[in-house]
Amino acid sequence: MKDLWIVASYTIQDMLKKKTFLISNLVILLIIVIGFNVPNIISALEGEEENGSAKILVVDSENVFEGALSNLNAMDLGYEFIVETKNVSYEEIKQKIEEGNIEDAIVINRKDGKVHIQYLVENMAMMDEVPQEAVNSLTTIYSNLQISKLGLSQEQLASLTPNFEFELAQTAEQEVKGNVFVVMILSLVLFYAIYFCAYQVSSSITTEKTSKIMETLVTSTKPRTIVLGKTIGIGIVGILQVAVIVTVALICAKTCLPEGMLESVLDLSQITPTLGVITVIYFVLGYATYALLYALTGSTVSKPEDVQTANGPVAVVAMIGFYLAYFTMMNPTSNLNVFASIFPISAPFCMPFRIMMGVATPMQVATSIAVLVVTILVVANISIKIYSNAILNYGSRVNLKDMIKMYRSK
Amino acid sequence: MILGILKKDSGEITWNGKVVERKHVNFGYLPEERGVYPKTKIYDQLMYFARLKGMKKEQADKSLKDWAKKLEVEQYLDMPAEKLSKGNQQKIQFITAILHDPELLVLDEPFSGLDPVNTELLKNVILELIEKGTYIIMSSHQMYSIEEFASDVLILNKGKTVLQGNLKKIKEEYQANKLIISTNVVIDNVIETVGLKEYYNKDNDYTIAIDGEEDGYKLFHLLAEKDIQVTKFEILKPSLHDIFIEKVGEEQ
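First to last, the protein sequences are chains A and B. Using this note's numbering, read the first sequence as starting at 131 and increasing by one per residue. Using this note's numbering, read the second sequence as starting at 625 and increasing by one per residue.
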C-alpha cells in the first residue's frame, strides 16, 4: 500500500516536471482563451468599419410596390433599407457593394407579366438562396398592397390574416433538456480527456521497458503495485489537468463571450454539483478501464517502434465506444442510447450527458456504474497478470496466443 | 528466480531458513541490462528506488549522497540520466542496487563496459561490501574478477552445472600445471634433461607446463647444482580461466 503511493507520487512528480507536459498544457489553455475571444475579436475588427446596422438598397424603378416599400424599415429586420424609385444601373450597385456603402441590394422589375426580384450580394459562396426574411417581407408587403385595393370589410380583412399557433411536441415520453449538439461536443471533450490520459499509461510503461529499467523496478516492488500506482498517478494528473482546463474555459466563457451567448446554447441550471460529481466518477471509471487496457498493451512492447501496432486494438475499442455514445446521443430516448450508457466501453462518454439531459433513470445509472466497476476488476486482473509476465520479454512483440498462455500461467 | 523475475520449475529457494521473498530478504540487484529513466534527474530516480526499498526520505538522502560521493558521481545528481556516459549510468545503477544496504546482493556482469579507473573504483566498493558481510552473488564471464572476489563458484554450461563448490577446495584438487622461472642464462637443455617438453621462453623468462609440483622442484635442484642463478621461481595451480576452458571444453 505504501509502495503504491510511492509509485503514484513518483509518476505524478515525473509528469509535472516534464517540459513537454507543461508546454502542451499552456498551448491548450491559450487556444481556449483565444477561442472564447473570437466573437470579441471579430466584432472589434468589424466595429471600426461600420456603425449601426447594415444597409440594403432596394431599387423599384418601375414602382411595382407603389410606395409600400417604406414599410420595410418598420418591420424591424435588423437592416436599414434605402428605397430608390429612380433607375440605378447595375454598375453603380456593384460599386456601392464593393465599397461597402451597402451590404446587399434588391432590384425589382416587371418581366413577362411577373414581378422579378433580384437579390444582389458580393459573393454567393456563403448562401445558396435568397434570404427567407427578404422573401417573406416582400411577399407580405405586396399581398397587403393588393388586398387593400379590393375594398374588403374589416371582418373579411381579419379572416385573411392567419391566426396560427405553432407548437413542437414529441412522441417519446421523456423530455430532453438542453441542446443535443452542445452535449455531443462535451462528450467529445470527455472522450479526449479519458483517452489521452489512459494513453499516457501505455507510453509510461513502454518507456520503462525500452529503457531497460524494468528489471530494477520489478525487483524493487510488485508488478501489481507498478501498474496500479502508475494508473493512479497518471489519473490524478489527468483530473488536475481537466479541472484546470474546464475552470479556465468556464471563466473565459463567463467573461469573454457576449452576454447571453453561453446561456443560449447551454442551460446553466443543468450544470449542478451533482452532475460534476457524476462526471468525475465516470471520468475516473472510464479512465481506469482504458488505462488498464493500455497497461496491458504497453507491457507487450519492447521496441518503441512497436507502440502504435500494439496499442491499435485499444484505440479501435475506444473509437467504437465513443461513436456508439456519440451517434446514439442524437436520439437520447432510443434504446440504443440506453445500451450505450450501460455498455462499459461507451458508458463513460454517454451516461453523464444522459443525466445532464434528464433522460437517465437512477436504475440505469446504478447499473452502468456497477458494470463499469466489474469491467475494471476483470481488466485489472488480466492486465496485471499479463504485465507481470510480459514486462521482461525483450524479444519479439507478444501476440495474442502468448498473452493467453501468460494469463493461464500462475 | 531468487529475485522473483523468473518462475522456477521446481524446488525451493531459502535464505537463512526462510523462503526467499521480497518481504523476507533485503536484497539488491544490478541487472546486466543497463537501465535508467532517461529524462529523470538522477537524484529523483535514486530517491524513488530507495523509497520503494522501504527507506525513509532522510535516510535515503544521506545514503544516496554518500554512495554518489564514493563512486564519484556526486556532480551528476541534478542531471537527467540521458546526459551521463554509459559508465556513469552504470555506476548510478550500481548505487540503486546497494543504497538500501542489502544483505544479499546480486550483481550481473558488474564490470562489463567500465574503464580501468572505474573498474578499480567498483572493485574497492565490492571489497568493502564483502568486508561488511554483504553476501554477494555475482555472475561474470571474466574469470579474473571471479577469482578476485569469490569464495564459492558455480560454472554453468548450457544451463547445466559443470563445476560447483568452494573455489579454494576446487583449486586444491588440481595439480600444479605451470612453472614460471626466470634466469640469467639460457636453460633450454636443462629443462629438457628433466623431461619437460612444453615450454615457452621470452628473454629467459620461462613458462613451463608441468605435471605436479615435483617436476618443478626437480628442475630447481638441477639448476642449483649447475650454479645457475634463479631470479624468479613460481609454481602455479590452474587458474579458474583454465579450469573453465577445461570443464566447458570437455562438455562440448
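Every residue gets a Cβ at the ideal spot worked out from N, C-alpha and C, and that includes glycine.
With distance defined between alpha-carbon atoms, name the residue in A:T361, A:E222 and A:V260 nearest to A425 (chain A). A:T361
Check the C-beta distance from N441 (chain A) over to S332 (chain A) and give it rounded, since I have them as a contact under 8 Å. 6 Å
Under a Cβ-count criterion, where at least 16 other Cβ atoms within 10 Å of its own Cβ denotes burial, should I172 (chain A) be classed as buried or exposed? exposed
K535 (chain A): first and last residue of the uninterrupted alpha helix (DSSP H) it sits in: L530 to R538
When you compare only the Cα positions, how much space is there between T855 (chain B) and R658 (chain B)? 47 Å
Beta-carbon neighbours of E657 (chain B), restricted to chain A and to distances below 7 Å: K342 and E345
Do E744 (chain B) and L600 (chain B) come within 9 Å of each other at the CB atom, strictly closer than that value? In the structure displayed, chain B extends from 625 to 876; residue 600 (chain B) sits before or after that span and is not available.
In the DSSP assignment, what residue or residues form a beta bridge with M256 (chain A)? For M256 (chain A), which the question treats as bridged, DSSP gives no partner whatsoever.
Using beta-carbon positions only, say whether V213 (chain A) and D234 (chain A) come within less than 9 Å of one another. no
Measuring only the C-alpha atoms, how far is K185 (chain A) from G243 (chain A)? 30 Å
By the three-class DSSP mapping on this structure, what secondary structure does M145 (chain A) have? helix
Chain-order list of residues whose beta-carbon lies under 6 Å from that of A833 (chain B) (same chain, five-residue window excluded): E822
Assign T458 (chain A) to one of three DSSP states: helix, strand, or coil. helix
Neighbouring residues, chain A, relative to L627 (chain B) (Cβ below 9 Å): E345, V348 and T349
Residue burial classification, N193 (chain A) (beta-carbon count within 10 angstroms, cutoff 16): exposed
How about Q717 (chain B) and P655 (chain B): do their beta carbons lie closer than 9 Å? yes
Do the region 341-357 of chain A and the region 443-450 of chain A make contact, defined as three or more Cβ pairs closer than 8 Å? no
Which of helix, strand or coil does DSSP assign to Q300 (chain A)? coil
Continuous alpha helix (DSSP H) stretch holding G840 (chain B): start and end: E837 to E849
Spell out a yes or no on whether the region 316-331 of chain A and the region 479-490 of chain A are touching, meaning 3 or more CB-CB pairs, one atom from each, closer than 8 Å. yes
Name, in chain order, the residues that DSSP records as bridge partners for A833 (chain B). B:K802
How many Å lie between T419 (chain A) and L695 (chain B) at the Cα? 44 Å
In chain A, which residues lie less than 8 Å from V660 (chain B) when you measure between Cβ atoms? S341 and I343
Check whether the Cβ atoms of L728 (chain B) and I626 (chain B) sit closer than 9 Å, and answer yes or no. yes
Taking the beta strand (DSSP E) that M879 (chain B) falls in, what are its first and last residues? The structure shown does not extend to residue 879 (chain B), since chain B spans only 625 to 876, so no value can be given for it.
Looking at the structure shown, is L778 (chain B) part of a helix, part of a strand, or coil, going by DSSP? strand
Taking DSSP as the reference, what is the three-state secondary structure of D866 (chain B)? helix
Need the endpoints of the beta strand (DSSP E) that E222 (chain A) sits in, please. Taken as a continuous stretch (DSSP letters only), E222 (chain A) belongs to no beta strand (DSSP E), being part of the alpha helix (DSSP H) at Y220 to E229.
May I ask you to report which of helix, strand or coil DSSP gives A445 (chain A)? helix
How would you write the range of the beta strand (DSSP E) that L728 (chain B) sits in, first residue to last? L728 to D732
Would a C-beta distance cut-off of 9 Å place V137 (chain A) and G365 (chain A) closer than the cut-off? no
Pair within 9 Å by beta-carbon distance, L746 (chain B) and P734 (chain B): yes
Which of the residues in the region 733-749 of chain B, read from start to end, lie with their CB under 9 Å from any CB of chain A? none
Taking 9 Å as the CB-CB cut-off, is I136 (chain A) touching chain B? yes
Proximity test, Cβ basis, 9 Å: Y653 (chain B) and chain A: yes
At the level of alpha carbons, what is the spacing between I356 (chain A) and L134 (chain A)? 7 Å
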